[in-house]
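Per the numbering used here, the very first residue in the sequence shown carries number -18; after that it's consecutive.
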Amino acid sequence: MSLIGTLGRWVFAHPDTAEGTPSSTADTPIAGKDRYAGLTKEEKMRAAIVSGFSSSQMQLSKYIVHEVVGFGANGCVLVGVDMSGVSVAIKIIYKGSVRAGDEISAMRAVCTASEYLVQYVEHWEDESHWYLVTDVCGSAHPSASVDELQPLRFRSDGNGVVRTLRVANGANDLFAWSFAVRSRMFEETGRARIPAEHVKQIVRQISQALLAMKGRGYSHNDIKLENIVVSQGGPAENVWPSPSIRLVDFGHAKPIADIRKYGTKLVSAPEFLPDSPFADQPKDGSAADVFALGLVMYVLLNDDGGLPAACESMQKDAVGFFDLVSADHGRFPFDSLDGVEGDALHLLHEMCRVNPARRYTLEQILGHDCEQRMPRWTHECPHAAEEAFASHLQRIETAVRLFTAGETLFWIFVLTLNNLTTPPPNYRTTEPDNPTH
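Printed below as a string of C-alpha cells:
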C-alpha cells in the first residue's frame, strides 16, 4: 500500500484544510455577527484579517505579522514578532461562533501552571472579533493537504501600500507533525509508524499539562491532535530529538466538575452517550480528557493513524454505553494494534475504560510502568529485543546466585544438624555386653 493509501484512512480531519477555491484578495468586510455566513473557512480567514487590520490597526501595529499559519470555522492564527523581536501568535476569533471571553479567562487562569501550556501575552476585541496574543510554539510541518494557497494581499490603511501575508501550507500541530514523521518513516522503513519513544514523550507531557490545569480547577475539554502543537523534533533533522509539546485552544475549557458536553464529539468519552448512566449529571472533565488522550495515543501508535471504528459509531449514537461495557469486559473496543504490547497496551486500555470511575487518573498515567520500561512498548523500539534479552539474562543470573546461596545455607544447616545428633565414636549409649567389675 502506498503512503497516501495508508494515511488516507486518517479520521482526524485537520481544521486548517482549505475549502473552496483560493483567492488572492478578500471580500469587503460586512458588519454584524453574521458577516461570514455562507463563506468557506478560507474566505472567512481572508475577510477577517482584512477587517482586523482596519478596525484594530493601532493594536496590530505593535507587531510585525509574517504569515497565516492556520484557520478553521471559528478563527484564524497569524504569526509574527513584537517590537523586541520576540515571536508571537495572534489568534483572531470570530464573534458569534464561540464564547472567546471564556477561553481567555481559562487561559489566563492556567497558563502559568505548566511549561506545556501555551502562554498568554495580551488580548483585545473589536466589533466583530476577539484577538488573543500568545507565545509561539514550533514551526509548520508539511500538511496532509497538497493544495497550494495563494498569499493574502490587501491594503491595511489609506496610504496605498499593499500588505502581503503568506498562507502556510502546513501547521505546527500534532496532526501535521505526525503526518511528516510517518512520511519519513515510510520512506526509510516501508512502515508509517511513529517511533514509540516519541509517543511516550508526548503522552507524558500532555498528562503533565492536564494535571497542571486540574490543579487550577480546570479541564481542557477538547483534547485532540489539532490542539497540541509540537515545538521540537521535526523530521527534517538528521537526529530526531524528543518532541516538546504545548497544549493550546482553551475554547472549551471549563471548571473540572461541571462538564456537560465535550468539545469534539468524535473523541467524546462514553459517559457522554445518551443512554449513559452519567448522561443527566455533570461529568468529570479530567476523566473525559484522559479518555481523549488515550485516543491520541492510539492514533499515534497504530500504523494507519486512524481512530477506532467505535468512535464513529459513538459520534452517530449508533452504539450505546452498555454495548461498549459488554464488548470487552469494560475495555474500549480498539481495532488491531499490531506490534503494540505490554505496558503500552495496558496503559491504553486503562486510559480508555468505558466506565469513568474505573478509568486511570492523570496521576496513574504518570506513574505507570511504561514510564520506566520504554523498550516494552512495541517491537519497533530501538534495540528492544537486545535490551529485553539482556534484562532477562540478568534476572536469570540473579536467580541462580540466590539459588546457589540458598543451597549452600541448606547444606550447612544439614551438616550442622547432623553433627549435633551424631555421637562421637567413643561415646557409649548402652551398657557393655560384658561389663567388668
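For glycine and all other residues, C-beta sits at the position ideal for the given N, C-alpha and C. Quantities reported herein were computed from a predicted structural model and do not represent experimental measurements.
Which residues in the same chain have their Cβ closer than 7 Å to the Cβ of residue i, if we skip the five residues on either side of it in sequence?
{"i": "D316", "result": "P289, A290"}
{"i": "L41", "result": "G33, F34"}
{"i": "A308", "result": "P314"}
{"i": "K76", "result": "K14, S109, H110, W111"}
{"i": "L275", "result": "Going by the sequence as given, residue 275 is Gly instead of Leu. Contacts found: L329, M332, C333."}
{"i": "G100", "result": "The sequence shown places Gln at residue 100, not Gly. So the qualifying residues of the chain are C92, T115, D116."}
{"i": "R339", "result": "G311"}
Which residues share a DSSP beta bridge with residue i?
{"i": "G51", "result": "V58"}
{"i": "R227", "result": "V210"}
{"i": "Y101", "result": "T115"}
{"i": "P236", "result": "Y199"}
{"i": "I73", "result": "C57, Y112"}
{"i": "I45", "result": "V62"}
{"i": "E106", "result": "W111"}
Apart from the five residues on each side of it in sequence, which residues of its chain come closer than 8 Å, Cβ to Cβ, to residue i?
{"i": "R136", "result": "V142, V143, R144"}
{"i": "G266", "result": "Y199, S200, H201, N202, K235, P236, I237, A238, D239, I240"}
{"i": "C292", "result": "V(-8), L247, V248, L276"}
{"i": "I30", "result": "A7, V49, C57, L59, I73, L133, F135, L146"}
Residues in the same chain with beta-carbon distance under 6 Å from residue i, minus the five sequence neighbours each way, listed in chain order, please.
{"i": "R458", "result": "With the chain running from -18 to 418 in the structure shown, residue 458 is simply not present."}
{"i": "K256", "result": "Note on residue identity: the sequence assigns Asp, not Lys, to residue 256. If we look at D256 and ignore the five residues flanking it on each side, its Cβ neighbours are G301, F302."}
{"i": "A273", "result": "I204, V248"}
{"i": "S36", "result": "D107"}
{"i": "V435", "result": "Any question about residue 435 goes unanswered here, given that the chain covers just -18 to 418."}
{"i": "V306", "result": "V335"}
{"i": "S188", "result": "L343, I346, L347"}
{"i": "Q186", "result": "Y97, I226"}
{"i": "L264", "result": "The question names Leu, but residue 264 is Lys in the sequence shown. If we look at K264 and ignore the five residues flanking it on each side, its Cβ neighbours are I240, E252."}
{"i": "S4", "result": "Unreliable placement is indicated for S4, whose pLDDT of 37 sits below 50; the coordinate value is still reported in the next sentence. Within the same chain, S4 has no close Cβ partners at all."}
{"i": "K25", "result": "Y17"}
{"i": "A81", "result": "I74, W111"}
{"i": "G244", "result": "N202, D203, H233"}
Nearer than 7 Å: is that true of the beta carbon of residue i relative to any heavy atom of the ligand GDP?
{"i": "V99", "result": "Only the bare structure without any ligand can be found here, which leaves the ligand GDP out of the picture."}
Let me know the secondary structure DSSP gives residue i once reduced to three states.
{"i": "K264", "result": "strand"}
{"i": "S86", "result": "helix"}
{"i": "D270", "result": "helix"}
{"i": "Y17", "result": "coil"}
{"i": "S460", "result": "The chain is shown only over -18 to 418; residue 460 falls outside these bounds and no answer can be derived."}
{"i": "E443", "result": "Only positions -18 to 418 of the chain appear in this structure, which leaves residue 443 out of reach."}
{"i": "D32", "result": "Reading the sequence as shown, one finds Ser at residue 32 and not Asp. DSSP places S32 in helix when its eight states are reduced to three."}
{"i": "R241", "result": "coil"}
{"i": "K205", "result": "coil"}
{"i": "E23", "result": "helix"}
{"i": "V91", "result": "helix"}
{"i": "G275", "result": "helix"}
{"i": "E344", "result": "helix"}
Pair every Cβ in the stretch 81 to 97 with every Cβ in the stretch 231 to 242, then say whether three or more of these pairs are closer than 8 Å. yes
contact_flag[the stretch 240 to 254, the stretch 301 to 309] where n(CB pairs < 8 Å) is 3 or more: yes
Count the CB pairs spanning the stretch 188 to 202 and the stretch 31 to 47 that are closer than 8 Å, and state whether there are at least three. Because the criterion of three Cβ pairs below 8 Å is not met, the stretch 188 to 202 and the stretch 31 to 47 do not touch.
Contact between the stretch 68 to 81 and the stretch 111 to 119 (3+ Cβ pairs under 8 Å): yes
Restricting to runs no shorter than 4 residues, where is the alpha helix (DSSP H) found entirely within the stretch 282 to 342? Within the stretch 282 to 342, the complete alpha helix (DSSP H) runs of at least 4 residues are 290 to 296, 302 to 308, 323 to 332.
Counting only runs of 4+ residues fully inside the stretch 130 to 188, write out the alpha helix (DSSP H) ranges in chain order. Taking only runs of at least 4 residues, the alpha helix (DSSP H) segments lying wholly in the stretch 130 to 188 are 155 to 170.
Using 8 Å as the Cβ pair cut-off and three pairs as the minimum, do the stretch 159 to 177 and the stretch 48 to 63 touch? No, because fewer than three Cβ pairs between the stretch 159 to 177 and the stretch 48 to 63 fall closer than 8 Å, the two stretches do not touch.
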